Every structure is written in C-alpha cells, then in structure tokens.
Amino acid sequence: MGYEPQADFGTPQSKSDKSVTLTIDGHAVTVPEGTSVMRAAAEAGGSIPKLCATDNMKEFGSCRLCLVEIEGARGTPASCTTPVAEGMVVRTQTPRLEKLRKGVMELYISDHPLDCLTCSANNDCELQDQAAAVGLRDVRYGYTGENHLGQAIDASNPYFDFNSSKCIVCSRCVRACDEVQGTFALTIDGRGFDSHVSAGTTIDNFLSSECVSCGACVQACPTDALQEKSIKEIGLPERAIVTTCAYCGVGCAFRAEMRGDTLVRMVPWKDGKANHGHSCVKGRFAWGYANHKDRITKPMIRKSIDDPWQEVTWDEAIAYTASELKRISAKYGVRALGATTSSRCTNEETFLMQKLVRAGFHNNNVDTCARVCHSPTGYGLGQTFGGSAGTQDFDSIEDCDVILVIGANPTDAHPVFGSRMKARLRKGAKLIVVDPRRIDLVLSPHIKADYHLPVQPGTNVAVLTAMAHVIVTEGLADEDFVRERCEWDGYQDWAQFVSGERHSPEFLEAVTRVPAADLRAAARLFATGGNGGIYYGLGITEHSQGSSAVMALANLSMATGNIGRSGVGVNPLRGQNNVQGSCDMGSFPHEFSDYRHVSDDKVRKQFEDDWGVTLDPEPGLRINNMMDAAIDGEFRAIYIQGEDILQSDPNAKHVEAGLKNMECVIMQDLFLNETANYAHIFLPGSTFLEKNGTFTNAERRVQPVRRVMEPANGGYEDWEVTQLVARALGLDWNYTHASEILAEISRLTPTFAGISWERLDKEGSLQWPVNDAAPNGSPIMHVGQFSRGKGRFMVTDYVPSDERSGPRYPLLLTTGRILSQYNVGAQTRRTANMAWHDEDLLEIHPSDAENRGIKHGDWVRLASRTGETTLRADVTDRVAPGVVYTTFHHPEALSNVVTTDYSDWATNCPEYKVTAVQVALSNGRTQWQEEQIERRERSRRIITAEAAE
Amino acid sequence: MDTVSGLIHMANQIAKNMATMRFDDHPTAVAAHIKRYWTGSMIAKIRAADRSPLSPIALKAVEILDQAAAERAVQAG
Chain X
363 MGYEPQADFG TPQSKSDKSV TLTIDGHAVT VPEGTSVMRA AAEAGGSIPK
413 LCATDNMKEF GSCRLCLVEI EGARGTPASC TTPVAEGMVV RTQTPRLEKL
463 RKGVMELYIS DHPLDCLTCS ANNDCELQDQ AAAVGLRDVR YGYTGENHLG
513 QAIDASNPYF DFNSSKCIVC SRCVRACDEV QGTFALTIDG RGFDSHVSAG
563 TTIDNFLSSE CVSCGACVQA CPTDALQEKS IKEIGLPERA IVTTCAYCGV
613 GCAFRAEMRG DTLVRMVPWK DGKANHGHSC VKGRFAWGYA NHKDRITKPM
663 IRKSIDDPWQ EVTWDEAIAY TASELKRISA KYGVRALGAT TSSRCTNEET
713 FLMQKLVRAG FHNNNVDTCA RVCHSPTGYG LGQTFGGSAG TQDFDSIEDC
763 DVILVIGANP TDAHPVFGSR MKARLRKGAK LIVVDPRRID LVLSPHIKAD
813 YHLPVQPGTN VAVLTAMAHV IVTEGLADED FVRERCEWDG YQDWAQFVSG
863 ERHSPEFLEA VTRVPAADLR AAARLFATGG NGGIYYGLGI TEHSQGSSAV
913 MALANLSMAT GNIGRSGVGV NPLRGQNNVQ GSCDMGSFPH EFSDYRHVSD
963 DKVRKQFEDD WGVTLDPEPG LRINNMMDAA IDGEFRAIYI QGEDILQSDP
1013 NAKHVEAGLK NMECVIMQDL FLNETANYAH IFLPGSTFLE KNGTFTNAER
1063 RVQPVRRVME PANGGYEDWE VTQLVARALG LDWNYTHASE ILAEISRLTP
1113 TFAGISWERL DKEGSLQWPV NDAAPNGSPI MHVGQFSRGK GRFMVTDYVP
1163 SDERSGPRYP LLLTTGRILS QYNVGAQTRR TANMAWHDED LLEIHPSDAE
1213 NRGIKHGDWV RLASRTGETT LRADVTDRVA PGVVYTTFHH PEALSNVVTT
1263 DYSDWATNCP EYKVTAVQVA LSNGRTQWQE EQIERRERSR RIITAEAAE
Chain W
8 MDTVSGLIHM ANQIAKNMAT MRFDDHPTAV AAHIKRYWTG SMIAKIRAAD
58 RSPLSPIALK AVEILDQAAA ERAVQAG
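These protein sequence lines are chains X and W, in that order.
Numbers 363 to 1311, taken from the working numbering, label the letters of the first sequence in order.
Numbers 8 to 84, taken from the working numbering, label the letters of the second sequence in order.
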C-alpha cells in the first residue's frame, strides 16, 4: 500500500446494538446509538475540523474547532461531545461556523512557529491540515506578542523529542498517557496562557519521568511537538505495510512505515485486534537491532570452537552442514542429531524445522524454547480442558469483574495487554495479585490491588489449593455449572481433597507466607465477584509443580463456573511472540502439530503419506535431555534456530558442558550470541521485517508477518535456509513462499484447517480452531462444552520443591523480565532501550541487604549450589525479606549460571523461579564470568571472505 | 546431577505428583506418563539403574516398563 495515515474518526466507536438515524448536511446517516456527531459525519464520508479529538480516546471538547449547528439546539455545540439523536438535523458547514473556526485557528497559529517547510511534521501535521481546511489566510493578531516560540526542546528520550514551542496544548498526549497507556506520566502544568505539557515534576524530563515510552503520546500528537527522532533524521515515510510485532506474545499489529527500503517508524495499527492501536517501547521503537552493526550477514564455519570463524558462501555452508550431519548420523546413529525451533520464528519456519528433524534426521529430537517457559500450560490445560491454549481473546478483559493475576507481570512483560487490564481496573474491576514481588499492578496510579498475596516462591499450588478449600468449604462453588459441564465424580474427589483441613489457608500460612485472612477474602472475591478471569505467566509454569499449578488454576475456573464465556477463563500470557505457534506446530518431541502424539499410528500415517517418508513412533529428546545425552556422548549434533540456550536455559554450566561435548553445533541467528561461542556453523538469520509468515499470539490469533525489506543475509528468509539444509540432506522440498508451507500446515493440522494466506490477507487475523465447526475462528474456547467433552478436575497436592533454602543458601532467588528488555536481550540490547536497563540487577530487601552490609549499587556475589555470578544490588522492598530477584537479559551477569536442573515434574520446564542462594559483597567477577568473557572474545574473531583470499 | 540420577529424580517427582490424582492404578499411570514423554534410551537407562532410590510407586512403574519391554521382545521374536 502507499502511504496514507490511518483514518481518524475523532471519537471511539459506539458498541450499542441500537441504531439512530440523523441528517448531516442533508444526507441521512444511520449509526449506533451513542456515536458522536463528529464520528457520524466521518463515517458518512464527511470531515469536521478537529484538533483535540482522536478516535482512540474519549471526547474532550476543548479545541472548539469541531463546532456544528443543530436544528433546535442553541449555539454551536462541539460535535465531538454531542451524541447523535434520532431525527437530529446537523449542519457542518455554514458561514457562521466557518467564521468561528477561522477565528479559533487564528488564535492557535498566532502562537505557533511558521516554519512549516523545515518542520519534520510538514505534510503530516493536523494543525497544518486544519488551517487549510478552515481556509485560514492571515492572522489578525500578528506574531509579535507574548508567545511560546522559544521553548527548549526536551530531547532526553532516545526515541522522540518534545518541542513545547510546537505544542498547541490540546491534551491529546496527556489523555493518551492516561486513557490508553494508563501511566499518568504527563500533565498540563500552569494555567491559562502559561499552560504547558509537563512530564512529571518541573525538574523531570521525559527520560527521568514515569514515562514508559509506549509512544501513545507521540502517536496522538497532532503537530511536531512530540515527534520520532527517526522522522527527523530520515523524513516522512512513503509507504506502509501491516505486519506483526516480533516481541512478546501479545502480538501487536504494526504499520511498518518505510521510505525506500529504510524503515522510518513502526506505528501501531488501529485495526490490530490484539492491540487496537496501542504499543510498547519495544515494538514501537526497539527495532534498531534489525540493521545493527553486530548483525552477521554471511555464513561462517569453523572446525573447532577455539578457531576463528571463517566466512564462506551459502553453498559452502550448506554443503558443510549437510556433510557434518550425515557424518555424525552415520557414525553415531540417527538419534545423535536434534534441533530446537524458536518461538521467535514464524509458524512456517517452526513447522519446517520439526519436519526437517522428523523427515530428514529420522528421529523426533526436536524441542522448542517453549519447553523452558509454557510447556506446563500445554500439559495442564490439555489434561483439564482438552485444549493446550488459553481460553479467551484479549477483548474478554472488558467483561471481567475480578481479575486474578498470578505469576505474571503484565505491565512489564505484556505491556499493551497490561494497559488494557489497567483500563478495565480503572472502570471498577477488582484485582487479586499473587506474586512474591510487589509488581506495578499492586499499586500504581489509579490502580490498587484489592489483595496482594505475596506468595513464598515455590508454593503456588498450596495457595491455589487453599483458595479452592475456601470456595468449597464455604459453599461458594458453582455446582450447577460443574454438574452440567464437568465430570461430577472427579469434582467430588477434588472437592473432598481440597476440603481437608491441611489445605486450609490457616494451616498453609506457614508454608505460603500468605496471611490466611487475605487468602480467604481473595478466594471469596474470586468466587462471588462476578466474572472471574485468571491471567498467569511464567511465575506459574517455571516451577517443579508448574503443570500442577496450571491444573489448579483450571480447577478454580471450573469450580466457580468461570469458563466458556467472555470475561472469564484461564489465560496464559505467553512470553515470546510465537510461543503458542511453536507449540501448535509440533515442536515438542512427542507430538505432531495440533498436539497429536507421534505414537498414534493414524496420525503418523497422515504425515508419512503427505511427506513421503517413514516416521519414528518414539518420542524424542527434550532440550534438557539433549544436553544430558550430549554429556553422555550419545547426542552429537544440534541445529539451533533463533535461540540462545546458554543464556536462557537453566544451569548454564550444564548447557556449556553439553555444547562442548558436541561435534557439530549449528546456529541460525541474527547475532553471535552466547551459544554461538560453542558453535561450529553459523547460518545468518533474517529478522521479522525480512520475512513472510505468520505468528500466533497468546489468544490463539494467527496473524500475518509481512516482508518489508530484503533479508540482509543475502536474501534468505529463515525457512529458506532450513529448506537448503533439507535439500542438501536429500529431501525434495520446493517451497517458493511461506504461504505454501501454511497451506501444508492447514492440510495436516485440524485446528488450522480453515486458515489460509488469502484469508489472513483479507481478514487480518483468525483465532484457531478454524474449521468446519468454527469457520470464522474461536475467540473463546470451551463454550457449551470443553474440547475434551466434560471438564476434568485434577487433584493437585502441594509437593515442596527439592530446592530448599538453608543456612548455606538462605535466600530464594526468583527471576523475571523488565519492560525495556526482552528475553536474552539479543535484540533490545542492540537498541537505545539500554538507556533504561543496561545491566541485570539483583533486587534485595533492605533488611537482607543490611544484614550483609550491602548498599544500593554495590557489586554482590550471587551464589547457589549450581554456580555463582556477580551483579549490582538494587535494595528495594519490592521483594519480601528472604526473596531476591533478578533478570536474565544480559550475558555479563548470565544469571542462569545459578539456576538449577530441577524442573516441572510433567514437562521438565525448568524451575527458574526457585533457587536457594546466598548473597554477599563481591570484589570482582567470578572465574566462570572471566572464562565466558574470554570465550566470547575468542568467538568474535572472524576471518572475512576477502581476508581469506 | 548425572543423567541417571536425573532420571530417577524425574520418576520420583512424577510418582509424587501423581500420587494424589484420580487414577485406577498409580504405577500404571506413572509408567504411561514416562512412556508418553521419555525416549527409549531414557527408559532403558532407568530400567538398568540401581532402583533403591526409587519411591514405591516409581519402582512399580519401572517394573511395568520392564514388563512392557519383555512383551515387546517376545513379540519381536
């Protein structure tokens, strides 16, 4: 498409089912009741001048430009604040209105720089457009009086500038920060002529303020007052292509706005059904990694991990890859090979990777990074509901009365959905937060959790069972729902189990450290407060009882009748963009796409017939088992696509030992990451901007990813590289476009049966299952009946983790994420997001810090039974005494050197959230850190193709 | 922990967590879980390992896996 800003209807769409017909400028217009006159006119193709109105915020009525005449009404009401009425007769263009608007516009322009030709908003400025629309030709007041033209520019934010002299004080930025983002960082300071937009207090600038750089204010600004630096540097875009963000599992739709082949900016797409036009600092601004100087764009090989890399041609790299895989397979057997797919890659790329392993490696040794995050979700929801996915769409939050957030930090890890959650809370929904840390949702502007249950790490199942105890023993369960929709015998067993005194909040208080009275009150609220929706994250799954905790959540939702309609449900917030998709596509070693086991003869035959190969009926190795098998000398080669297992997987020393023991480690990635330090072949990857395909977000929404620029690696999308390897191994693959792979997925995957490239192109997105039973997709699952028929209650007894604190390791470490960084930071560390978080810090409670003589900012040694590292201390009461917290975004700290081998009993998802540690003042890096730095430096040596000649 | 210790730990964990769940026979359920998710080589390793660290349910589950392997061997001739 060419460059056209998205249409702005001025005020939000009304959701009313009732219609109203009115007359605007002589034309009959029918719109939903509650629509503003401004929007009705815009929907009818008209255009009423406006400055303070924009359609993703409530009407404001301050700019006085949108005046209209209404028959029978006095004066000239603002069209943005006037709702339509049956039979209303509106005139939008009369001599009186023209005069009034011109007069208003004169006042604005008299205090605005007239530097349009050199202004970066030239041709993309609503003030300029509206001045033209009202026919302004001169300003009677002149320009010599008091004005705001000499204001200093606030350039503190790395991504946008605030130029107060260009500001018309329409308050759109302030309202965007309040209504859309929910941060309340901006305000209008001063009065009358001195009114101005301010980021926090008078000593603050945008960077030092509470601003989270979501970009909502920049998007809302009608002038050049808030402008992207990239627009200032590059100029206005010429075209825009809609694609899907490659950061978290919210799956925001963006317009990639381009000038030539240069990306100018990413603007959230208002028609995106996951984000509705909102964004966060990562998706909106942190795309600079795509052309960062660290990008590896040429294939490289080396015989030994101690050698420098040697750049080679694609032909050489692929031939070497195939020869190594064949050699190792011949020498050690087919089961010595394996691969990992990536939750950052597309469905099509993921599908091809697992196909390569099953059809080309002749085993099922394929796993995904979802192993280490949401594999318990698949297991737990599969067991209870029969479907390995979240039950709701994001819009469901609008109907939620009680929100239970457990083990998730949406405002940091899923910020766009976090903003929607906050908007719902501001409208009156109740909030229960279960988390060892005081996350922002517990207390932030205009948000206060009704209950924060500061659970001791590792005791989620005890907390959830105690909640169930209260619900059952106090007669709060919805037995009518359970009788109709669930297995009644199973419910009775479960109810009897949770009713036991040993599951009471009082009995478990010593274990969970949650005050019994609070837990009881929270349980009552969830059971009786109306629609109860559960939102959870890795704070649930990454435990030795991750799967049990997921099942416990499912039990709670079934027992209270909170499933199968809008406003309720069990909702896993997926960490990466395509966690859901990578699981759906058959990335797990025991199942094909759509979660069908490899031992199922009928299913396997379907794939065998389609692919023309014989497939292994035995499950393959999980990623942690691959490392075990490598150390044992049984697993010798791995093909890793888009992952950095050394930094992201637990017990980094164990991963290192496994990688070191392999004869061939193949990396396909954008950058030389920590895992690449142990690799022998590097196949340069492509960014989401350089490829076509689809991602599936946390609400099962399959959305298109569109190529907006040529792949920097010589023209190969990631699936094409996989195909090159497959062909070199003798597989006859001839895909020419990702859409052909999607067609194969749809052919072989029942839940994707109705999904096609053409439909996605036309409809924007589809939520699986899309099949004969649900031809238009399934925003909400388990309506009427569960995927498995009757819902199944699973008894989940609390089993303490084997990882225990004690005298030597008295604190419990839990790990997580932060807003500005993403996962191992490979992308965000190569952007200006480093301005907010340039190192991993250790949060420690003031009392624990004082006991150890630690002050804020001190270097400390973090040690566990597994390993140790050093990082700086952040002394804060955000964490409870006895608990410490850190992130894993930076390789310098590589915090996973301290996490353990313990994992979820059902899925082996690592227990990242519970590690017994000791913290002490440090006098320098650990030996392992020094070794890693040295290894990293050695692995960055590259002999270019030119030098080799 | 080494691979075999890890497998024993996993089996015990599975047994411990499944112990209170509603199954007709818990060792059979544990054995089915292991068969569903573990590779043949992992199963072979736990079958060959010292069984003294196994919990009673996990031990019975491994015995069920022994039996299944023996039946397969007979079938294979």
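In this text, a Cβ means the ideal position worked out from N, Cα and C, and glycines have one as well.
Quantities reported herein were computed from a predicted structural model and do not represent experimental measurements.
Beta carbon of residue i nearer than 8 Å to that of residue j
{"i": "residue 1258 of chain X", "j": "residue 877 of chain X", "result": "no"}
{"i": "residue 1188 of chain X", "j": "residue 1006 of chain X", "result": "yes"}
{"i": "residue 874 of chain X", "j": "residue 828 of chain X", "result": "yes"}
{"i": "residue 1179 of chain X", "j": "residue 732 of chain X", "result": "no"}
{"i": "residue 940 of chain X", "j": "residue 1298 of chain X", "result": "no"}
{"i": "residue 833 of chain X", "j": "residue 839 of chain X", "result": "yes"}
{"i": "residue 1111 of chain X", "j": "residue 955 of chain X", "result": "yes"}
{"i": "residue 1237 of chain X", "j": "residue 1208 of chain X", "result": "yes"}
{"i": "residue 463 of chain X", "j": "residue 427 of chain X", "result": "yes"}
{"i": "residue 574 of chain X", "j": "residue 1181 of chain X", "result": "yes"}
{"i": "residue 1276 of chain X", "j": "residue 1230 of chain X", "result": "no"}
{"i": "residue 1250 of chain X", "j": "residue 1193 of chain X", "result": "no"}
{"i": "residue 606 of chain X", "j": "residue 1065 of chain X", "result": "yes"}
{"i": "residue 10 of chain W", "j": "residue 990 of chain X", "result": "yes"}
{"i": "residue 1074 of chain X", "j": "residue 659 of chain X", "result": "yes"}
{"i": "residue 1294 of chain X", "j": "residue 1256 of chain X", "result": "yes"}
{"i": "residue 1058 of chain X", "j": "residue 710 of chain X", "result": "no"}
{"i": "residue 584 of chain X", "j": "residue 627 of chain X", "result": "no"}
{"i": "residue 1044 of chain X", "j": "residue 661 of chain X", "result": "yes"}
Where the beta strand (DSSP E) containing residue i begins and where it ends
{"i": "residue 1318 of chain X", "result": "Past the boundaries of the shown model lies residue 1318 of chain X; chain X is included only from 363 to 1311, so the question cannot be answered."}
{"i": "residue 920 of chain X", "result": "Not the beta strand (DSSP E): residue 920 of chain X falls in the alpha helix (DSSP H), residues 908–921."}
{"i": "residue 677 of chain X", "result": "Note, residue 677 of chain X: premise wrong, no beta strand (DSSP E); alpha helix (DSSP H) at 676–694."}
Where the alpha helix (DSSP H) through residue i begins and ends
{"i": "residue 1290 of chain X", "result": "1289–1301"}
{"i": "residue 37 of chain W", "result": "33–44"}
{"i": "residue 1216 of chain X", "result": "First-last for residue 1216 of chain X: undefined, no H or E at that position."}
{"i": "residue 942 of chain X", "result": "941–946"}
{"i": "residue 601 of chain X", "result": "Where residue 601 of chain X is concerned, there is no enclosing alpha helix (DSSP H), although the beta strand (DSSP E) it sits in stretches over 601–606."}
{"i": "residue 640 of chain X", "result": "Neither: residue 640 of chain X is in no alpha helix (DSSP H) and is coded neither H nor E."}
Q: Decide yes or no for the touch test of the segment 752–765 of chain X against the segment 915–929 of chain X: beta carbon pairs closer than 8 Å, at least 3 of them.
A: yes
Q | Interfacial residues, the segment 724–755 of chain X to chain W, with Cβ spacing under 7 Å | A | none
Q. What residue ranges within the segment 969–1043 of chain X form continuous beta strand (DSSP E) runs of no fewer than 3 residues, ordered along the chain?
A. 999–1003, 1026–1031
(Q) I'd like the ranges of any alpha helix (DSSP H) spanning at least 4 consecutive residues and lying wholly in the segment 471–536 of chain X. (A) 488–495
**Q.** Proximal residues, the segment 981–1010 of chain X versus chain W, C-beta separation under 9 Å
**A.** Taking 9 Å as the Cβ-Cβ cut-off, the segment 981–1010 of chain X approaches chain W at 981, 982, 983, 984, 986, 987, 990, 991, 993, 994, 996, given in chain order.
Q) Taking only runs of the beta strand (DSSP E) that begin and end inside the segment 735–808 of chain X, which ones reach a length of at least 3 residues, in chain order? A) Listed in chain order, they are 764–768, 792–796.
Q: Say whether the segment 1014–1027 of chain X touches the segment 981–997 of chain X, bearing in mind that this needs 3 or more beta-carbon pairs closer than 8 Å, one atom from each stretch.
A: Flag = yes, the segment 1014–1027 of chain X and the segment 981–997 of chain X touch.
Q: Could you tell me whether the segment 491–500 of chain X touches the segment 548–561 of chain X, using the rule of 3 or more Cβ pairs below 8 Å?
A: no
Q: Mind checking the segment 37–57 of chain W against chain X and listing, in chain order, the residues whose C-beta falls within less than 8 Å of any C-beta there?
A: The segment 37–57 of chain W vs chain X, Cβ under 8 Å: 40, 43, 44, 45, 46, 47, 48, 49.
Q.
What ranges does the alpha helix (DSSP H) occupy inside the segment 815–865 of chain X, keeping only unbroken runs of at least 4 residues that lie completely in it?
A. 822–835, 841–847, 850–861
(Q) Pairs of beta-carbons, one from the segment 605–615 of chain X and one from the segment 533–553 of chain X, closer than 8 Å: are there three or more? (A) no
Q) Are three or more beta carbon pairs between the segment 690–697 of chain X and the segment 906–916 of chain X nearer than 8 Å? A) no
Q: Could you name the residues of the segment 835–852 of chain X whose beta carbon sits closer than 7 Å to any beta carbon of chain W, in the order they occur along the chain?
A: Using a CB distance below 7 Å, the part of the segment 835–852 of chain X facing chain W consists of 852, ordered along the chain.
Q.
Under 8 Å: do the segment 671–690 of chain X and the segment 1082–1095 of chain X share three or more Cβ pairs, one atom per stretch?
A. yes
Q: Give, in chain order, every residue of the segment 1256–1283 of chain X whose Cβ lies closer than 9 Å to some Cβ of chain W.
A: 1263, 1264, 1265, 1266, 1267, 1268, 1269, 1270
(Q) Any C-beta of chain W within less than 7 Å: which residues of the segment 943–955 of chain X qualify? (A) 952
Q.
Counting only Cβ-Cβ distances shorter than 7 Å, please list the residues of the segment 1144–1165 of chain X near chain W, keeping chain order.
A. 1156, 1157, 1159, 1161
Q) Does the pairing of the segment 409–417 of chain X with the segment 365–385 of chain X give three or more beta-carbon distances under 8 Å? A) yes
(Q) My parser needs the beta strand (DSSP E) runs of 3 or more residues fully inside the segment 1215–1243 of chain X; what are they? (A) 1221–1226, 1230–1237
Q: Report the residues of the segment 958–984 of chain X with a CB closer than 9 Å to any CB of chain W, ordered along the chain.
A: 959, 961, 980, 981, 982, 983, 984
Q: Check distances from the C-beta atoms of the segment 892–909 of chain X to those of chain W and list, in chain order, the residues that come in under 9 Å.
A: Listed in sequence order: 906, 907, 909.
Q. Looking at chain X, which residues of the segment 13–24 of chain W have a Cβ within less than 8 Å of any of its Cβ atoms?
A. 13, 16, 17, 20, 21, 23, 24
Q. If you measure beta-carbon to beta-carbon, which residues of the segment 852–880 of chain X are closer than 9 Å to chain W?
A. Considering only beta carbons, the part of the segment 852–880 of chain X lying closer than 9 Å to chain W consists of 852, 855, 856, 859, in chain order.
(Q) Whether or not the segment 33–49 of chain W and the segment 57–70 of chain W are in contact is what I'm after, with contact meaning three or more pairs of Cβ atoms, one per stretch, closer than 8 Å; do they touch? (A) With the cut-off at 8 Å, the segment 57–70 of chain W and the segment 33–49 of chain W touch.
Q.
Whether or not the segment 967–981 of chain X and the segment 710–725 of chain X are in contact is what I'm after, with contact meaning three or more pairs of Cβ atoms, one per stretch, closer than 8 Å; do they touch?
A. yes
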